[in-house]
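Position in the sequence shown (from 1) plus 28 gives the number in the working numbering. Below you'll find the structure, written out as structure tokens, and then a few comments.
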Amino acid sequence: MAVGRRGMAMQRRLVLSSVGSRISSQRSTGDQQTEKRKEEQGGVNPDEDAALSSGVKAEEPRAAGSTSAFDIDTSTSQLVAAAETQQQEKRTGARAKSRQTSQERSRRTTTTILGGLVLVGVGASIVNLGREWDTVEERTKFGDDPLGQSFFGRLRLRFKSMYTSLQAPAWEKLLPDPLPHPYQRPYTLILDLDNLLIHSEWSRKDAWRTAKRPGLDYFLGYLSQWYEIVVFTRQPFYIVGPVLEKLDPDHRYITYTLFRESCRMTDEGHVVKDLAALNRDLNKVIALDTEPEAVELQPENAVILKKWEGQRGDTGLVEMIPFLEAIGIYNIPDVRQTIKAYEGTHIPTEHAARQRAIKEAEEAEWRRRHTGSGWLGGLKDPTASSGRVPKSWYEQERERFQQGYMEDQRYWADNVEAFRKQAKEDQERQLREMKLSVWGLLTGQGMKPPGAEDTPAPA
Numbered sequence: 029m030a031v032g033r034r035g036m037a038m039q040r041r042l043v044l045s046s047v048g049s050r051i052s053s054q055r056s057t058g059d060q061q062t063e064k065r066k067e068e069q070g071g072v073n074p075d076e077d078a079a080l081s082s083g084v085k086a087e088e089p090r091a092a093g094s095t096s097a098f099d100i101d102t103s104t105s106q107l108v109a110a111a112e113t114q115q116q117e118k119r120t121g122a123r124a125k126s127r128q129t130s131q132e133r134s135r136r137t138t139t140t141i142l143g144g145l146v147l148v149g150v151g152a153s154i155v156n157l158g159r160e161w162d163t164v165e166e167r168t169k170f171g172d173d174p175l176g177q178s179f180f181g182r183l184r185l186r187f188k189s190m191y192t193s194l195q196a197p198a199w200e201k202l203l204p205d206p207l208p209h210p211y212q213r214p215y216t217l218i219l220d221l222d223n224l225l226i227h228s229e230w231s232r233k234d235a236w237r238t239a240k241r242p243g244l245d246y247f248l249g250y251l252s253q254w255y256e257i258v259v260f261t262r263q264p265f266y267i268v269g270p271v272l273e274k275l276d277p278d279h280r281y282i283t284y285t286l287f288r289e290s291c292r293m294t295d296e297g298h299v300v301k302d303l304a305a306l307n308r309d310l311n312k313v314i315a316l317d318t319e320p321e322a323v324e325l326q327p328e329n330a331v332i333l334k335k336w337e338g339q340r341g342d343t344g345l346v347e348m349i350p351f352l353e354a355i356g357i358y359n360i361p362d363v364r365q366t367i368k369a370y371e372g373t374h375i376p377t378e379h380a381a382r383q384r385a386i387k388e389a390e391e392a393e394w395r396r397r398h399t400g401s402g403w404l405g406g407l408k409d410p411t412a413s414s415g416r417v418p419k420s421w422y423e424q425e426r427e428r429f430q431q432g433y434m435e436d437q438r439y440w441a442d443n444v445e446a447f448r449k450q451a452k453e454d455q456e457r458q459l460r461e462m463k464l465s466v467w468g469l470l471t472g473q474g475m476k477p478p479g480a481e482d483t484p485a486p487a
């Protein structure tokens with residue numbers, strides 16, 4: 029028994045000594061790591077420095093609640109390990125695989141799937157754009173192009189065509205074909221809207237208010253005798269549509285209206301009005317605008333006017349009537365040459381000066397012909413006895429068209445109610461036909477002829 033007890037005591041001492049050596053090694057390792065960290069941080073704790081200089085090793089605090097001499101405090105080593113792990117993550121930005129959450133794995137999977145779908149879509153689009161010409165329109169448009177003989181050539185041509193279509197107006201022909209004579213006016217007048225025909229202002233008291241330019245009704249009514257009037261604005265329909273309805277509620281003068289969808293986008297990002305897409309002869313097209321950029325594709329057809337800022341008593345629009353009227357009366361074959369002749373001048377002032385010069389020359393010629401010294405000496409022509417020069421042909425034509433405008437105004441005033449009633453009936457009929465056409469598309473029956481919806485079916 030004594031021997032057994034001594035053996036057990038020796039085994040206990042061996043175990044205690046091994047545990048103690050293990051504790052010492054762990055502490056020394058922790059001290060070395062702590063000193064290394066302090067050196068990297070650039071300083072040492074003054075208390076620890078004093079303890080080291082005196083040759084006394086600072087005692088490490090024990091964990092709370094520790095009562096046994098064999099309890100091992102591993103907090104320092106755990107902190108060191110955590111710090112090293114964080115530094116490693118900061119350097120590489122990577123995490124251990126086991127620390128990825130299910131949300132991150134799901135996000136990575138979704139990203140991979142979407143990326144694959146995008147690649148498949150791009151590949152399919154490339155194959156589709158490089159296919160053979162399979163429509164008559166494509167064969168007609170690109171059949172003679174040398175690039176159309178190869179896959180990448182067709183890809184390039186189709187991509188360029190798509191890009192061009194995004195810049196082009198919504199329709200190839202912005203206006204329908206001209207009416208037959210004598211219903212079609214000989215000239216087309218393109219008018220901008222903002223700061224030319226109207227001016228809009230916003231205030232905290234009244235919000236948005238829109239004013240109509242002085243003389244606009246007379247301007248539209250009088251010039252409609254020669255011009256097909258088209259309002260062409262760079263704003264979308266939903267903004268200016270209601271305003272246009274109030275400018276010409278009975279649709280007497282404004283023949284067509286064009287909006288932002290009818291404009292073209294240039295490579296520089298400018299929204300412009302392409303007059304070549306109007307389906308009209310540019311020799312007979314005049315555009316009045318306040319922005320040179322808006323008509324930069326056909327500046328030779330444009331007259332740039334000063335913006336109207338809402339001033340009362342403005343006459344800028346009415347002052348343009350004699351110039352535009354003269355083009356119609358003289359039946360100018362190419363308006364671009366006339367506009368070129370007035371380039372760099374204030375057109376109303378310059379036109380008035382030229383008309384006075386023409387008038388004075390005609391009067392001088394008339395006096396020369398009707399007042400002369402013949403072989404009888406000093407006899408005057410009897411027609412010149414009154415001394416009054418007769419009106420010129422141009423003045424007579426002006427009076428004739430002004431009289432026609434006044435007669436049209438009187439006729440409209442006498443029959444306005446009948447005209448509006450007829451217009452309302454036409455609008456209701458068009459709505460009924462529209463409903464029938466939609467129903468025909470849904471049922472496959474087609475659209476019935478006008479008036480058939482009111483005819484009772486035979487018994």
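Every residue, glycine too, gets a C-beta built ideally from N, C-alpha and C. Given the structure is predicted, the values throughout are model-derived calculations rather than measurements.
For Trp336, the CB contacts under 7 Å within the same chain, skipping 5 residues up- and downstream, are Asn223, Leu224, His227, Arg241, Asp342, Gly344 in chain order. DSSP, read as helix, strand or coil, puts Lys449 in helix. The DSSP-derived three-state label of Ala196 is coil. Put simply, the backbone Cα of Glu324 is about 43 Å away from that of Lys449. As far as DSSP is concerned, Val164 takes part in no beta bridge. Taking C-alpha positions only, Thr283 is separated from Arg184 by approximately 41 Å.
Assigned with DSSP and collapsed to three states, His227 falls in strand. The residues Pro197, Ala198, Pro264, Phe265, in chain order, have a CB closer than 8 Å to that of Glu289 in the same chain once the five nearest residues on each side in sequence are set aside.
Judged by beta-carbon spacing, Glu328 lies within the 8 Å limit of Ile367, meaning their Cβ atoms are closer than that value. Pairing Lys387 with Asp454, the inter-Cα distance amounts to about 49 Å.
Taken through DSSP and simplified to helix, strand or coil, Lys274 comes out as helix. Excluding five sequence positions before and after Glu378, the CB atoms of its chain that fall closer than 8 Å to its own CB belong to Tyr370, given in chain order. Secondary-structure assignment with DSSP links Glu256 through a beta bridge to Thr216.
By the Cβ neighbour-count rule, Glu229 is exposed, with fewer than 16 other Cβ atoms within 10 Å of its own.
CA-to-CA, the gap between Ile257 and Asp234 works out to about 32 Å.
The straight-line gap separating the alpha-carbon atoms of Glu456 and Ala446 is approximately 16 Å. Here the segment 301–317 makes contact with the segment 201–221; the two share three or more CB pairs at distances below 8 Å. Counting of Cβ neighbours within 10 angstroms places Leu202 among the buried residues, the total reaching 16 or more. The beta carbon of Ser130 lies closer than 6 Å to none in the same chain, with the five residues before and after it left out.
Taking 4 residues as the minimum length, the alpha helix (DSSP H) runs contained wholly in the segment 280–365 are 349–358, in order along the chain.
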